[in-house]
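Asker: In terms of my numbering, the sequence shown opens at residue 339 and continues consecutively.
Can you keep this structure in mind? I'll have questions shortly.
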Amino acid sequence: HLQPGLTYALSCRECKPALQGTQAVYICTTDRALAWLDTCPDGVGFACGAAQDWARQGFAFTVPAGATTGIIWLRASGEGTADFTDIQLHELP
């Protein structure tokens, strides 16, 4: 469970050697009833860079009040291939 007010770092390795489109990572925070509260970071998610080979991407986010759970969304849109691996979530001091 996530702790409201604490800051976490989410990172993953991603690669899109043959993608004509975009890759993005989102954390959707929910309360105990799984009602959606926010999309992190910044309400829109994190747009991955143009990595043709494996690269680590990531962002930090602060859990909003009332949140207990984070749902990680890994999204690729467009045509071609894209991959995600080695997803890590750490609390920051």
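Built from N, CA and C at the ideal position, the CB exists for glycine as well.
Please read all numbers here as calculations on a predicted model, not as lab measurements.
With DSSP run on the structure shown, which of helix, strand or coil describes His339?
Answerer: His339 falls in the coil class under three-state DSSP.
Asker: Measuring CB atoms only, is the region 352-362 touching the region 396-405, in the sense that at least three cross pairs come out at less than 8 Å?
Answerer: Counting Cβ pairs under 8 Å, fewer than three are found: no touch.
Asker: So the beta strand (DSSP E) Arg331 belongs to, where does it begin and stop?
Answerer: Since the first and last residues shown for the chain are 339 and 431, residue 331 lies out of range.
Asker: Taking Asp391 as the reference, give the member of Asp421, Leu427, Arg413 with the closest Cα.
Answerer: Comparing Cα-Cα distances from Asp391 to each of Asp421, Leu427, Arg413, the minimum goes to Asp421.
Asker: Looking at the secondary structure, which residues open and close the beta strand (DSSP E) in which Leu348 lies?
Answerer: Element bounds for Leu348: 345-368.
Asker: Can the beta-carbon of Ala405 be found closer than 8 Å to that of Thr377?
Answerer: Going by C-beta atoms, Ala405 is not nearer than 8 Å to Thr377.
Asker: Are Glu429 and Leu357 closer than 8 Å when you measure CB to CB?
Answerer: Taking 8 Å as the Cβ cut-off, Glu429 and Leu357 do not qualify as a contacting pair.
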